[in-house]
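In the numbering used here, the protein residues as written are 49 to 444.
Ideal Cβ positions, reconstructed from N, Cα and C, are used throughout, including at glycine.
Remember, predicted model here, so these are calculated numbers, not experimental data.
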């Protein structure tokens with residue numbers, strides 16, 4: 049069968065990560081995605097290297113642009129604006145991450161384009177949304193991680209705040225945006241009309257704090273930075289062993305009793321200070337050092353084997369290469385490769401969504417800059433002479 053979003057056309061005017069992540073997911077699900085880029089330059093991430101392919105295309109760009117077509121258009125020129133308007137007239141979805149009001153001067157804002165295509169779902173992704181005192185500010189994942197409280201709970205308890213190792217607020221915003229787009233498309237089947245979607249990194253970053261948010265709203269105590277520990281469950285953290293580290297994810301009292309059996313400290317499970325999870329949370333400073341002392345006496349794999357046999361959730365801390373080599377990841381096929389326009393094989397990470405009836409589609413590797421410009425323009429009715437003239441003038 050065709051992909052779940054087969055027949056949906058997406059016009060992707062976004063750059064860097066949050067917006068391209070949205071577009072890539074929609075492409076994986078079967079949508080036709082046309083990426084609009086600046087002539088000669090393209091998406092900034094094309095040049096965020098090393099590492100890169102032999103042709104210089106950065107790994108960063110490759111991470112978020114699979115399955116798209118690329119057209120280069122100078123939207124500051126009237127001829128370029130006409131091209132994008134015609135593409136928008138034929139599109140179901142438009143994604144953009146310009147500063148608030150940035151596309152209005154080109155006649156490419158939602159109010160302008162909805163007159164051309166009332167069924168258009170128009171999604172704007174910014175740092176702080178379209179309204180409020182910060183609306184005009186640019187949005188950067190790192191800064192938003194700090195402002196949202198995420199960094200205040202990340203890192204060692206006795207050290208400085210840390211950012212997450214990947215641009216997680218960008219990625220979460222991309223996922224929220226993809227959900228919002230699909231909700232708007234579903235609503236359109238009933239109303240016959242598109243709508244405007246206002247997505248903000250700051251909103252998404254705060255929303256994704258989940259139980260930590262609720263700890264503050266209910267308890268009114270500022271959530272502390274706990275390093276690799278959990279604010280609501282103990283023991284649920286990293287422990288050092290004789291030759292490395294491992295994760296112990298003890299989620300209930302039964303599992304804690306099993307841990308105590310494995311390490312030979314059965315008395316801890318009967319101690320009223322540690323017998324229930326709320327008690328262990330209150331007395332973590334007393335319990336954790338006792339566990340840490342024992343775990344340091346044997347190797348990682350010895351503990352993993354013993355705990356696993358006892359039914360206690362635990363796991364290794366892999367490096368990225370070890371994760372790719374893991375037999376479960378290999379079985380699930382997360383590492384894929386697709387040929388690009390030159391025939392070279394491009395290694396990529398597959399989509400984690402598994403749909404039984406409308407499986408994910410991998411149609412093409414991330415496109416070269418402007419790879420599909422002429423074909424797309426021809427599809428809009430431009431003849432070869434007109435396309436050549438636009439190219440000579442630097443419009444495309």
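**Validate contact between the region 221-237 and the region 153-171 using beta carbons, cut 8 Å, 3 pairs** = yes
**Asked** Roughly how many angstroms lie between the CA atoms of residue 103 and residue 212, to the nearest whole one?
**Response** 30 Å
**Asked** Among 122, 76, 52, which has the Cα closest to the Cα of residue 412?
**Response** 76
**Message:** Is the separation between the beta-carbon of residue 248 and that of residue 197 shorter than 9 Å?
**Reply:** With contacts defined as CB atoms closer than 9 Å, residue 248 and residue 197 fail to qualify as a contacting pair.
**Prompt:** For chain B, is any of its Cβ atoms less than 9 Å away from the one on residue 133?
**Reply:** The displayed structure is made up of one protein chain only, and chain B is not part of it.
**Asked** residue 57 by DSSP, collapsed to three states: which one?
**Response** Residue 57: strand per DSSP, three-state reduction.
**Three or more C-beta pairs below 8 Å linking the region 338-348 and the region 311-320** = yes
**Request:** Would you check if the distance between the CB atom of residue 112 and the CB atom of residue 94 is smaller than 9 Å?
**Result:** no
**Prompt:** Can you name the residues that DSSP bridges to residue 362?
**Reply:** 296
**Request:** Give a yes or no on whether the C-beta atoms belonging to residue 287 and residue 343 are separated by under 9 Å.
**Result:** yes
**Asked** Between residue 291 and residue 367, which are expected to be in contact by the criterion C-beta below 8 Å, what is the C-beta distance as a whole number of angstroms?
**Response** Going by Cβ atoms, the distance from residue 291 to residue 367 rounds to 15 Å, so no, they are not a contact pair.
**Request:** May I ask which residues mark the beginning and end of the beta strand (DSSP E) holding residue 247?
**Result:** For residue 247, the enclosing beta strand (DSSP E) starts and ends at 244-248.
**Closest residue to residue 142 among 200, 80, 331, 190 (Cα-Cα distance)** = 80
**Request:** Quick one: measure Cβ to Cβ for residue 428 and residue 134, integer angstroms, because I've assumed they're closer than 8 Å.
**Result:** 5 Å
**Message:** Using only the alpha-carbon positions, how far apart do residue 20 and residue 110 sit?
**Reply:** Residue 20 falls outside the range modelled here, since the chain spans only 49 to 444, and no answer is possible.
**Prompt:** Candidates 99, 190, 271, 78: which alpha carbon is nearest residue 471's?
**Reply:** No statement about residue 471 is possible, as the shown extent of the chain runs from 49 to 444 and does not include it.
**Asked** Going by other Cβ atoms of all chains shown within 10 Å of its Cβ, with 16 needed for buried, is residue 61 buried or exposed?
**Response** buried
**Asked** Ordered along the chain, which non-local residues of its own chain (more than five positions away) have a Cβ less than 7 Å from that of residue 364?
**Response** 294, 348, 352
**Message:** According to DSSP, residue 396 sits in a beta bridge with which residue or residues?
**Reply:** 384
**Request:** Below 8 Å on the Cβ atoms is my guess for residue 70 versus residue 226; work out the distance and round it to an integer in Å.
**Result:** 5 Å
**Whether residue 444 touches residue 131 by CB criterion (9 Å)** = Their beta carbons are under 9 Å apart, which means residue 444 touches residue 131 by this criterion.
**Message:** I want to know whether the region 321-336 touches the region 257-269 - three or more CB-CB distances under 8 Å.
**Reply:** no
**Item:** Neighbour-count burial assignment, residue 68, 16 or more Cβ in a 10 Å radius
**Value:** buried
**Asked** DSSP three-state call for residue 182: helix, strand or coil?
**Response** In this structure, residue 182 counts as coil in the three-state DSSP scheme.
**Request:** Just the C-alpha distance for residue 373 and residue 392, rounded to the nearest angstrom, thanks.
**Result:** 23 Å
**Asked** Taking the C-alpha atoms as reference points, what is the distance between residue 64 and residue 188?
**Response** The straight-line gap from Cα to Cα measures roughly 10 Å.
**Request:** Look up residue 172 in the DSSP assignment and say whether it is helix, strand or coil.
**Result:** The answer is strand: DSSP assigns residue 172 an E or B state.
**Message:** At the level of alpha carbons, what is the spacing between residue 129 and residue 120?
**Reply:** 12 Å
**Request:** Figure out for me which residue from 323, 179, 201 has the closest Cα to the Cα of residue 279.
**Result:** Cα-wise, what sits closest to residue 279 is 201.
**Message:** Pull the bridge partners of residue 284 from the DSSP assignment, please.
**Reply:** The partner list for residue 284 (beta bridge, DSSP) reads 297.
**Prompt:** Residues in its own chain within less than 8 Å of residue 299 by CB, not counting five upstream and five downstream?
**Reply:** 281, 284, 361
**Residues of its chain near residue 430, where Cβ-Cβ distance is below 8 Å and the 5 sequence neighbours each way are ignored** = Same-chain partners within the cutoff: 438.
**Asked** From residue 384 to residue 228, what does the alpha carbon distance come to, in whole angstroms?
**Response** Those two C-alpha atoms are separated by around 28 Å.
**Item:** alpha helix (DSSP H) segment containing residue 163, residue limits
**Value:** 158-164
**Message:** Suppose contacts are defined by Cβ-Cβ distances below 9 Å. Is residue 175 in contact with residue 185 by that definition?
**Reply:** yes
**Message:** Here's a check: name, in chain order, each residue in its chain whose Cβ is nearer than 7 Å to the Cβ of residue 136, leaving out the five neighbours to either side.
**Reply:** 59, 142, 161, 164, 165, 168
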